[in-house]
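In my numbering, the protein residues as written are 89 to 228.
Glycine included, each C-beta is placed from N, C-alpha and C at the ideal position.
Nothing here was measured: the structure is a model prediction, and the numbers come from that model.
In what follows, a structure is listed as C-alpha cells, so that the remarks can point back to it.
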C-alpha cells in the first residue's frame, strides 16, 4: 500500500493497494476501502473541482505509480455525498463539479431530490437545469 494524498482538513491519508484499490486510514487504525464505504471526508473532493484530478495524477507519479490510477478514484461517491449533504455549501460544490466536469446522468435521482429540497433557489434551479439538459440530449 502506498499513501498518495491526504483529504479534508483532518488530512486523512489515502492510498492505493498493490491491487489498485483506493483505501484510507480509519480513525480506528486500519485501512479501509474508499469504494462502497463513502466516508464523510470524501465530500471535500468536490471543493477542489477539476484541479483534483490533475493533483491526484501528479501525486501518483510522485510516488512512482501510474497516473491512470486516478481514473479509478471514487469521485462519484464524493459528488453523491455533496448532492445529498444537508448544507448548501456541499450541495453547490457538487453541482459546480457536475457543471464543469459532466457526468450528470449518473446523478439523476439526487438531482431530482435537490429540485425540491435544495437549500437555496440557486441550487434548486441548477439541479433542474442539469436534469433538463440530460433529458434534452436523450431526445436528440
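Residue 160 (DSSP reduced to helix, strand or coil): To locate residue 160, count along the chain shown from 1; it is residue 72. Helix, per DSSP.
Strand pairing of residue 94, partner residues [DSSP]: Here residue 94 refers to the residue found at position 6 when the chain shown is read from its first residue. Paired residues: 101.
Here's the rule I'm using: 16 or more other beta-carbon atoms within 10 Å means buried, otherwise exposed. How should residue 177 be labelled? As a position in the chain shown, residue 177 is number 89, starting the count at 1. Residue 177 is exposed by the Cβ-count criterion.
At which residues does the alpha helix (DSSP H) containing residue 134 begin and terminate? As a position in the chain shown, residue 134 is number 46, starting the count at 1. Its alpha helix (DSSP H) spans residues 133-136.
Reducing DSSP to helix, strand and coil, say where residue 196 ends up. On the chain shown, residue 196 is found 108 positions in, with the first residue counted as 1. Correct three-state label for residue 196: helix.
Mapping the DSSP letters down to three states, classify residue 202 as helix, strand or coil. Along the chain shown, read from residue 1 onward, the residue named residue 202 stands at position 114. Helix, per DSSP.
Counting Cβ pairs closer than 8 Å, one from the stretch 149-161 and one from the stretch 197-205, do we hit at least three? Output reads no: the stretch 197-205 does not touch the stretch 149-161.
May I have the straight-line CA-CA distance separating residue 152 from residue 210, to the nearest angstrom? Your numbering for residue 152 matches position 64 in the chain shown. Your numbering for residue 210 matches position 122 in the chain shown. The alpha-carbon atoms of residue 152 and residue 210 are separated by roughly 42 Å.
Return the residue from the list 168, 175, 119, 149 that minimises the CA-CA distance to residue 194. Along the chain shown, read from residue 1 onward, the residue named residue 194 stands at position 106. Of 168, 175, 119, 149, the residue nearest in Cα terms is 168.
Is there contact here, the stretch 141-148 with the stretch 125-132, by at least three beta-carbon pairs under 8 Å? no
Are the Cβ atoms of residue 136 and residue 181 separated by less than 7 Å? Working through the chain shown from its first residue, we reach residue 136 at position 48. Working through the chain shown from its first residue, we reach residue 181 at position 93. Not closer than 7 Å, so no.
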